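In terms of my numbering, the sequence shown is residues 155 to 314.
Built from N, CA and C at the ideal position, the CB exists for glycine as well.
Values in this document were obtained by computation on a predicted structure and should not be read as measured data.
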Amino acid sequence: MKSSAKEWVKCCPTCQANWRAHAPAIALKPLEVPLFLFHTILYNFITGFPKSQGHNAILVVIDSFSKFGHFIPTSKKVSAKGLADLFVTHVWKLHGLPVKTVSDRGTMFTGKFLRALYQQLGIRPSFSSAYHPESNGQTERVNQFIKFYLRSYVTADHSD
């Protein structure tokens with residue numbers, strides 16, 4: 155039955171017109187184990203909040219070694235310079251510069267300014283695979299917890 159179905163699909167003009175060739179799967183590359191605290195930091199934004207005190211997003215920064223996190227209120231429209239200022243003020247000033255960063259491919263994280271800054275500071279940026287948030291899984295998991303706790307403690311009308 156299976157072989158006859160395959161033969162039929164091979165001969166079907168509609169099937170051939172709509173068939174998409176699948177690219178071969180690329181082998182997964184595990185994240186390297188950091189050597190010390192804040193050697194590798196993972197970061198991401200959580201957005202979609204109503205504006206509160208000028209903020210409508212949270213920058214989540216996680217140390218890959220200790221799983222320690224910083225949760226920094228910000229705006230989802232923060233500039234690349236503003237993002238760099240957040241890192242300096244809330245993370246690098248406290249823990250020093252990381253050797254490596256991991257983030258998604260958001261335009262904020264892949265822009266020329268941030269890349270130039272990282273190059274000047276000797277930081278190796280790494281980006282998670284497109285449409286594959288699991289490659290930055292630690293941050294994504296923390297984001298789920300933050301959303302859960304905010305839903306649990308904030309009233310439905312967001313008045314608190």
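Query                                                                                                                                                                                    : Result
I'd like to know whether the C-beta atoms of arginine 278 and valine 253 end up nearer to each other than 9 Å.                                                                           : yes
Residue ranges of each alpha helix (DSSP H) run of no fewer than 4 residues wholly in the segment 220-266, ordered along the chain?                                                      : 234-241, 261-264
Secondary structure at isoleucine 277, three-state DSSP: helix, strand or coil?                                                                                                          : coil
If serine 257 sits next to asparagine 198, beta carbons under 8 Å apart, how far is it from one beta carbon to the other, in whole angstroms?                                            : 6 Å
Looking only at its chain, what residues have a beta carbon closer than 8 Å to the beta carbon of phenylalanine 281, apart from the 5 residues adjacent to it on each side?              : Val256, Ser257, Asp258, Arg259, Phe263, Thr264
Would you tell me roughly how many angstroms separate the C-alpha atoms of leucine 268 and leucine 275, rounded to the nearest one?                                                      : 10 Å
With DSSP as the reference, label proline 167 as helix, strand or coil.                                                                                                                  : helix
Using 9 Å as the threshold, is the C-beta distance between isoleucine 195 and isoleucine 226 below it?                                                                                   : no
Could you name the residues of the same chain whose beta carbon sits closer than 8 Å to that of lysine 235, not counting the 5 residues immediately before and after it, in chain order? : Phe267
Could you give the C-beta distance for histidine 244 and leucine 191, rounded to a whole number, given that I count them as a contact under 8 Å?                                         : Contact flag wrong, Cβ pair sits at about 16 Å.
Please say whether leucine 304 and phenylalanine 222 have beta carbons closer to each other than 9 Å?                                                                                    : no
On the CB-based measure, 16 or more other CB atoms within 10 Å of its CB, does leucine 237 come out buried or exposed?                                                                   : buried
Run the CB neighbour count on valine 214, radius 10 Å, all protein chains shown included, and call it buried at 16 or more, exposed below.                                               : buried
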